[in-house]
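Asker:
Dropping the structure here:
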């Protein structure tokens, strides 16, 4: 991953302004209308001198107009019928997704071997846990903590509005990693009032329907072996549409999970290999390569064999 960016002073100051607008909304400075940029910077630094928040900022390389156009096109794909899209068929069968490729013939897959009596006993749930006679509608509750989570920092922007200082920063949040989510989803109640009003402006109407508003998201994710940055289009939806009606960011497939070559190693596998790993840890996500928003393949440095690092698992 690049450790530096090359930008004009104006672009660097714009990114700093975006960060300051998000972090220090309660701070104001009185300054003459006619002044110098040096004086403004001096007064700004003085006004923030007593702030104890982390003053670090992650700068991003600005996109070219061609790259912005590409993002706008992605955000507009199927905008008129996001919720009415028809899944394609595979071999004449209704298919809501795409099958993985295999290195062997899967035309005829044998039935699994019967489980042992011990296994059956281990996976039998007490009858009182079933509150409905219709198993098809049973879902895991949020308290079961089935899904893996990752730590991440996000910046949300209006589609095609890279130059605006209006952005929503979401630093150091827990993000659900859900391979079953078609796209990345952000609960609307996580946004500030200012950014919510900003998204309600007519300029964002092309990227909105009755269920969601599409936004640009810059994501920096902490995986087991390194941090990576992903840029994508995500959906802002009402909290009521989030599974469990809970305030979450759900990291989904499009431009996100399906852009990352990684290994997921659940805690059960790590324990079976002799690892001493906390019950508070889902397991490991080890990233090898990923594709950025420009279509470039980014390789992570030397990666240890998954699950053999020898370090005790810990929650991030």
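Residue numbers (this note's numbering): 1257 to 1572.
All C-beta atoms, glycine included, are put in the ideal place defined by N, C-alpha and C.
What are the boundary residues of the beta strand (DSSP E) that includes residue 1487?
Answerer: It spans 1483 to 1493 - the beta strand (DSSP E) in which residue 1487 sits, taken as one unbroken run.
Asker: Output needed for residue 1406: all residues of its chain with C-beta closer than 8 Å, excluding positions within five of it in sequence on either side, in chain order.
Answerer: Cβ neighbours of residue 1406 beyond the five flanking positions: 1430, 1431, 1433, 1477, 1478, 1479, 1507, 1541 and 1572.
Asker: Could you check which residue in 1490, 1475, 1422 and 1538 has the C-alpha nearest to that of residue 1281?
Answerer: The residue with the shortest Cα to Cα distance from residue 1281 is 1422.
Asker: List the DSSP bridge partners of residue 1463.
Answerer: Residue 1463 is not bridged to any residue.
Asker: Considering only residues of the same chain and omitting the five flanking positions on each side of residue 1324, which have a CB-CB separation below 8 Å?
Answerer: Result list for residue 1324: 1416 and 1418, in chain order.
Asker: For residue 1265 and residue 1548, what's the separation of their Cα atoms in angstroms?
Answerer: The alpha-carbon atoms of residue 1265 and residue 1548 are separated by roughly 25 Å.
Asker: For residue 1527, which of helix, strand or coil comes out of DSSP?
Answerer: Residue 1527 falls in the helix class under three-state DSSP.
Asker: Would you identify the three-state DSSP class for residue 1287, choosing helix, strand or coil?
Answerer: In this structure, residue 1287 counts as coil in the three-state DSSP scheme.
Asker: Under 8 Å, do residue 1544 and residue 1554 count as touching if we go by C-beta distance?
Answerer: Taking 8 Å as the Cβ cut-off, residue 1544 and residue 1554 do not qualify as a contacting pair.
Asker: Which of the three DSSP states, helix, strand or coil, is assigned to residue 1422?
Answerer: Residue state, collapsed to three classes: coil.
Asker: Going by beta carbon distance, what residues of the same chain come within less than 8 Å of residue 1313, once the five residues before and after it are set aside?
Answerer: Cβ neighbours of residue 1313 beyond the five flanking positions: 1271, 1272 and 1275.
Asker: For residue 1385, does the count of other Cβ atoms within 10 angstroms reach 16, so buried, or fall short, so exposed?
Answerer: Annotation note: pLDDT 45 at residue 1385 (below 50); position unreliable, no value reported.
Asker: With a threshold of 16 other CB atoms inside 10 Å of the CB of residue 1490, please say whether the residue is buried or exposed.
Answerer: Under this definition residue 1490 is a buried residue.
Asker: Can residue 1309 and residue 1333 be called in contact, C-beta distance under 8 Å?
Answerer: Cβ distance not < 8 Å, so residue 1309 and residue 1333 don't count as in contact.
Asker: Determine, using beta carbons only, whether residue 1486 and residue 1475 come nearer to each other than 8 Å.
Answerer: Yes, the Cβ-Cβ distance between residue 1486 and residue 1475 is below 8 Å.
Asker: Is the separation between the beta-carbon of residue 1472 and that of residue 1327 shorter than 8 Å?
Answerer: Yes, the Cβ-Cβ distance between residue 1472 and residue 1327 is below 8 Å.
Asker: Just to confirm, are residue 1556 and residue 1481 a CB contact at a threshold of 8 Å?
Answerer: Result yes, Cβ atoms of residue 1556 and residue 1481 sit closer than 8 Å.
Asker: Since residue 1448 contacts residue 1424 with CB under 8 Å, what's their CB separation in whole angstroms?
Answerer: 6 Å between Cβ atoms; contact.
Asker: Cβ atoms of residue 1503 and residue 1445: under 8 Å apart, would you say?
Answerer: A contact, by the Cβ cut-off of 8 Å.
Asker: Around the Cβ of residue 1420, are there at least 16 other Cβ atoms within 10 angstroms (buried) or fewer (exposed)?
Answerer: When all chains shown are included, residue 1420 counts as exposed.
Asker: If we ignore side chains and look at the alpha-carbon of each, how far apart do residue 1464 and residue 1456 end up?
Answerer: One C-alpha to the other measures close to 9 Å.
Asker: Short check: CB of residue 1439 to CB of residue 1359, under 8 Å?
Answerer: No. Outside cutoff.
Asker: Return the chain-ordered list of same chain residues with a C-beta closer than 7 Å to the C-beta of residue 1296, the five sequence neighbours on each side being excluded.
Answerer: If we look at residue 1296 and ignore the five residues flanking it on each side, its Cβ neighbours are 1287.
Asker: Could you tell me whether the Cβ atoms of residue 1285 and residue 1301 are closer together than 8 Å?
Answerer: Cβ atoms of residue 1285 and residue 1301: not closer than 8 Å.
Asker: Using only CA atoms, which one of 1454, 1450, 1484 and 1497 lies nearest to residue 1466?
Answerer: Measuring from the Cα of residue 1466, the nearest candidate turns out to be 1497.
Asker: Just how far apart, CA to CA, sit residue 1307 and residue 1526?
Answerer: Whole-angstrom Cα-Cα distance: 43 Å.
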